[in-house]
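Residue numbers (our numbering), protein chains in the order written: chain A, 1 to 296; chain B, 1001 to 1353. Note that CB positions come from ideal geometry on N, CA and C, so glycine has one too.
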Amino acid sequence: MADSKSVKMTDSAAKSGAAAGQAAVGEKTGAAAVQTAGAEKTGAVPTLEVKNLSISFGGLKAVDGFNVVIEKGQLYGLIGPNGAGKTTVFNLLTGVYKPDTGVILLDGKNITGKKTIEINQEGIARTFQNIRLFKDLSVLDNVKAGLHNHHKYSTLEGILRLPSFYKVEKEMNERAMELLSVFDLDKECDYKASNLPYGKQRKLEIARALATDPKLLLLDEPAAGMNPNETAELMETIRFVREKFDMTILLIEHDMKLVAGICERLTVLNFGQVLTQGETSEVLNDRRVITAYLGE
Amino acid sequence: MTKNKVRVQNAVTYGMVILFWIVIQVMDRTGHLTSLFKGLLVPLCMYAILAVSLNLTVGILGELSLGHAGFMCLGAFSGAFLTNCLETAVPSVGLRFFMALILGAVVAGIFGLLIGIPVLRLKGDYLAIVTLAFGEIIKNLINVLYVGRDVNGFHFSMKDTTSLGMDKETGVVLIKGAQGITGTPRAATFTIGILLLLLTLFIVLNLIHSRTGRAIMSIRDNRIAAESIGIHITKYKLMAFSISAALAGMAGVLYAHSLSTLKASSDNFGYNKSILILVFVVLGGLGNMRGSIIAAMLLTALPELLRGLNDYRMLIYAIVLIVMTIFNSSPKAIELRSVVMSRLRGGVKKEVA
């Protein structure tokens, strides 16, 4: 069933290079079908379902027929060698790029082709591979910026300092401090974001993403540049976030210790295509994965 | 904690402006003000308003705009036009001036919005060039604009007075091309200037320290991240840009009402004026409203106060510019300042304890 659906999508999209995409789909829908069947067994709508997602830049197929199903509450890993298209997948999911073909369903709702801010409001929040904080704003204001769409008052109310301003600002401060204390950043709330040490900047970025109250959190190499201690702490934080906020998390990571430690399922990308996907332990022992990415 | 700090900082800024007003009033009453300095008081306020409003675009939104004089020009002409139009309908000069201030701000704000829509898609140098061109275009258009009124209503022309084709008996030319608008009542006083400066500060400071200001600054710091947390980039960029333009328009109305003849000349509204305002903003510190006011007032008053030194005055002006830049931007100077400040604060705390 899934097979016919995804092929239909490819047809309707009718973009250049779609034919090549179809050929690739033929090989991989096997894996996707297994995934979808799994979802149907539990009966719940998966938090994220991606079918046959493709994009090319010029002649390069950066992502080619990408499929994934992420159940609610899952900690899902996306791994693969450099240039495999992992961050491109994130950019497609968050609307930075528009896919050539494919469908993205968030909680069963089609969000394909929507703008970044709309997708955020639908419930996908992300962090970035190279940290993107609001560097001249305070730590507190970084999180409060994340609360922008959840605690509102108009610009005029803000300028005139009407009662609603004080009320909403108070709510925002409380909510932001709550989030900061989860990440042990509450003492640094007055610091400029750029003055935080590296590890805390990573945490602040996660806190800011969580402030938008997402259904799905995308973490792009959260452990990049961290020492083993910081990585171990980060693993705890990610686990904690999942428990505390009942969050579904998709993360890109090169640190196999972290991936093996916290991810339940994995998808391996290679040259824009899904190499394999499944339970973490199975995937990490897969011959093809070892050859293409992990090494002997 | 942060909030209180912000409140104190804002109070200091307001207090500084009010203190300046009191000092000038006292000096005026006791006869210590020269007529030269008296003539400077309204321009001082005007430049301070322009610097604060431009700082909203450059320091808070983070976009380089070189068309601020253009918005000021729009405000000045629409305001002066209204004051002259309503001469018979509204006899009270004060009321007309008030209405002119509102109209000037609205017109400049609307143009800010219209120009912002295409222009804010550009970045950095490109934005600077386009806004620079906009300022020049506005100035040159008003320079060839003729508007008259007679019993049949308003007449417009881009050629000369005769081509307005007005009724000879009742026709009055309101805007005379390069000769501009004459006969605007000189209603602008120092006190009104200070009140408008306080209003500008109130709007800008409250805007910055609100949800909207946070959104604007998040766009400045990282557009991609701002988008990823659901902040509407275009909306907030346009909002900041048009508020900044509206305040410049208001300053323009103030300016128009301090002159008996308003001309859209290069001296008044040319790109040099835009760059001068930018100099105030940069010297005062990007995003630092208090700095903008101090820089604007100091650098406006200085060339006039140094007139006695004849040939040396521009030299001293240049030296002051360099010293201010170093004081504000050099890492060593910033370090020294923070050491001095913390020592002063430490001293105060000990005394309190």
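Can you check which of these residues, A:137, A:103 and A:79, is closest to residue 1221 of chain B by C-alpha distance?
As a working note, residue 1221 of chain B is residue 221 in the second sequence. When only C-alpha atoms are compared, the closest one is A:137.
Starting from the Cα of residue 1046 of chain B, find the closest Cα among B:1235, B:1292, B:1008 and B:1143 and give me that residue.
Taking the first residue of the second sequence as position 1, residue 1046 of chain B is located at position 46. Measuring from the Cα of residue 1046 of chain B, the nearest candidate turns out to be B:1292.
Starting from residue 279 of chain A, trace the beta strand (DSSP E) in both directions and tell me its first and last residue.
Here residue 279 of chain A refers to the residue found at position 279 when the first sequence is read from its first residue. Start and end: 273-279.
Is there contact between the region 139-149 of chain A and the region 186-202 of chain A, where contact requires at least three CB pairs shorter than 8 Å?
yes
Closest to residue 102 of chain A by CA distance: which of A:96, A:289 and A:92 is it?
For the purposes of this step, residue 102 of chain A is taken as the residue at position 102 of the first sequence. Comparing Cα-Cα distances from residue 102 of chain A to each of A:96, A:289 and A:92, the minimum goes to A:92.
What is the DSSP secondary structure of residue 29 of chain A, reduced to helix, strand or coil?
Numbered from 1 along the first sequence, position 29 holds the residue referred to as residue 29 of chain A. Here residue 29 of chain A scores only 43 on pLDDT, less than 50, and its place in the model is too uncertain to base an answer on.
Residues of chain B with CB closer than 9 Å to the CB of residue 137 of chain A, please, in chain order.
Mapped onto the first sequence, residue 137 of chain A falls at position 137. Near residue 137 of chain A (Cβ distances below 9 Å), the residues of chain B are 1214, 1217, 1218 and 1221.
Against chain B, with Cβ distances strictly below 8 Å, would residue 87 of chain A count as a contact?
Here residue 87 of chain A is taken as the residue at index 87 of the first sequence, counted from 1. Answer no: the Cβ-Cβ gap between residue 87 of chain A and chain B never drops below 8 Å.
Taking 7 Å as the limit between beta carbons, can you name the residues of its chain near residue 247 of chain A, skipping five residues before and five after?
Residue numbering aside, residue 247 of chain A sits at position 247 when the first sequence is read from its first letter. 217 and 241, listed in sequence order.
Going by Cα to Cα distance, which pick from B:1311, B:1053 and B:1018 is closest to residue 1208 of chain B?
Mapped onto the second sequence, residue 1208 of chain B falls at position 208. For the set B:1311, B:1053 and B:1018, the Cα lying nearest the Cα of residue 1208 of chain B is the one of B:1053.
Below 8 Å CB to CB, which residues in the same chain sit around residue 109 of chain A once its five sequence neighbours on both sides are set aside?
By one-based count along the first sequence, residue 109 of chain A stands at place 109. Only 122 meet the Cβ criterion.
Below 7 Å on C-beta distance, what does residue 94 of chain A contact in chain B?
Position 94 of the first sequence, counting from 1, holds the residue named residue 94 of chain A. Result: 1228.
Can you tell me which of the three DSSP states residue 283 of chain A falls into?
Translated into the one-based positions of the first sequence, residue 283 of chain A becomes position 283. The answer is helix: DSSP assigns residue 283 of chain A an H, G or I state.
Report yes if the C-beta of residue 1145 of chain B is less than 7 Å from at least one heavy atom of the ligand HEM; otherwise report no.
The ligand HEM is absent from the structure shown, which contains no ligands of any kind.
Only counting the same chain, and skipping five residues up and downstream in sequence, which positions put a Cβ closer than 7 Å to that of residue 225 of chain A?
Indexing the first sequence from 1 puts residue 225 of chain A at position 225. 198.
What whole-angstrom Cβ distance do residue 152 of chain A and residue 168 of chain A have, given they're in contact under 8 Å?
Locating residue 152 of chain A in the first sequence gives position 152, where the first residue counts as 1. Locating residue 168 of chain A in the first sequence gives position 168, where the first residue counts as 1. Going by Cβ atoms, the distance from residue 152 of chain A to residue 168 of chain A rounds to 7 Å, so yes, they are a contact pair.
Using CA atoms only, rank isn't needed, just tell me which of B:1021, B:1134, B:1022 and B:1142 is closest to residue 1262 of chain B.
As a first step, residue 1262 of chain B must be located in the second sequence, where it is residue number 262. Ranking the options by Cα distance to residue 1262 of chain B, first place goes to B:1142.
Straight-line CA distance for residue 237 of chain A to residue 134 of chain A?
Numbered from its first residue, the first sequence carries residue 237 of chain A at position 237. Numbered from its first residue, the first sequence carries residue 134 of chain A at position 134. In a straight line, the C-alpha of residue 237 of chain A is about 22 Å away from that of residue 134 of chain A.
If we call anything under 8 Å between Cβ atoms a contact, is residue 47 of chain A one with residue 257 of chain A?
As a position in the first sequence, residue 47 of chain A is number 47, starting the count at 1. As a position in the first sequence, residue 257 of chain A is number 257, starting the count at 1. Not a contact, by the Cβ cut-off of 8 Å.
Report buried or exposed for residue 1096 of chain B, applying the criterion of at least 16 other Cβ atoms within 10 angstroms of its Cβ.
One-based indexing of the second sequence puts residue 1096 of chain B at position 96. When all chains shown are included, residue 1096 of chain B counts as buried.
Is it buried or exposed for residue 1013 of chain B, if we count other Cβ within 10 angstroms and need 16 for buried?
For the purposes of this step, residue 1013 of chain B is taken as residue 13 along the second sequence, with counting starting at 1. Looking at its Cβ environment, which holds 16 or more other Cβ atoms inside 10 Å, residue 1013 of chain B is buried.
Can you look up residue 191 of chain A in the DSSP assignment and give me helix, strand or coil?
Here residue 191 of chain A refers to the residue found at position 191 of the first sequence. Three-state result, residue 191 of chain A: coil.
Comparing C-alpha positions only, which one of A:88, A:164 and A:176 sits nearest to residue 205 of chain A?
Taking the first residue of the first sequence as position 1, residue 205 of chain A is located at position 205. Closest by alpha carbon: A:176.
Can you list the residues of chain A that residue 1210 of chain B reaches, using a CB-CB cut of under 9 Å?
Within the second sequence, numbered from 1, the residue matching residue 1210 of chain B stands at position 210. Correct list: 153, 155, 157, 158, 159, 161, 165 and 169.
Below 8 Å on the Cβ atoms is my contact criterion, and I expect residue 1223 of chain B with residue 148 of chain A to pass it. Report the Cβ-Cβ distance as a whole number of Å.
The residue labelled residue 1223 of chain B in the question sits at position 223 within the second sequence. The residue labelled residue 148 of chain A in the question sits at position 148 within the first sequence. Residue 1223 of chain B to residue 148 of chain A, Cβ: 14 Å. No contact.
Please classify residue 39 of chain A: does DSSP put it in a helix, a strand, or coil?
If you number the first sequence from 1, residue 39 of chain A lands on position 39. Its pLDDT being 44, under 50, residue 39 of chain A is placed unreliably by the model, and nothing is read from it.
At which residue ranges does the region 1185-1242 of chain B contain complete beta strand (DSSP E) runs of 3 or more residues, listed in the order of the chain?
none
Cα-Cα, which of B:1146, B:1230, B:1020 and B:1070 is closest to residue 1275 of chain B?
Your numbering for residue 1275 of chain B matches position 275 in the second sequence. Of the candidates B:1146, B:1230, B:1020 and B:1070, the one whose C-alpha sits nearest the C-alpha of residue 1275 of chain B is B:1070.
Report yes or no: do three or more beta-carbon pairs, one from the region 1054-1069 of chain B and one from the region 1111-1130 of chain B, lie closer than 8 Å?
yes
Taking C-alpha atoms, which residue in B:1264, B:1192 and B:1339 lies nearest to residue 1098 of chain B?
Along the second sequence, one-based indexing puts residue 1098 of chain B at 98. The shortest Cα separation from residue 1098 of chain B among B:1264, B:1192 and B:1339 belongs to B:1192.
Smallest Cα separation from residue 1057 of chain B: which of B:1281, B:1312 and B:1338?
The residue you call residue 1057 of chain B lines up with position 57 of the second sequence. With distances taken between Cα atoms, residue 1057 of chain B lies closest to B:1281.
Would you list, in sequence order, the uninterrupted beta strand (DSSP E) runs of no fewer than 3 residues that lie entirely inside the region 111-138 of chain A?
124-126
Determine the extent of the beta strand (DSSP E) in which residue 265 of chain A is found, giving its start and end residues.
Residue mapping note: residue 265 of chain A aligns to position 265 of the first sequence, counting from 1. 265-270 is the span of the beta strand (DSSP E), which, as asked, contains residue 265 of chain A.
State yes or no: is the beta carbon of residue 134 of chain A nearer than 8 Å to at least one beta carbon in chain B?
As a first step, residue 134 of chain A is located in the first sequence; it is residue number 134 there, counting from the start. In terms of beta-carbon proximity, residue 134 of chain A lines the interface with chain B, with at least one pair separated by less than 8 Å.
Relative to the C-alpha of residue 54 of chain A, which candidate in A:235, A:252 and A:272 has its C-alpha closest?
Stepping through the first sequence from its first residue, residue 54 of chain A is reached at position 54. Nearest C-alpha to residue 54 of chain A: A:272.
Just to confirm the assignment, what range does the beta strand (DSSP E) spanning residue 216 of chain A have?
By one-based count along the first sequence, residue 216 of chain A stands at place 216. In the DSSP assignment, residue 216 of chain A falls within the beta strand (DSSP E) that extends over 216-220.
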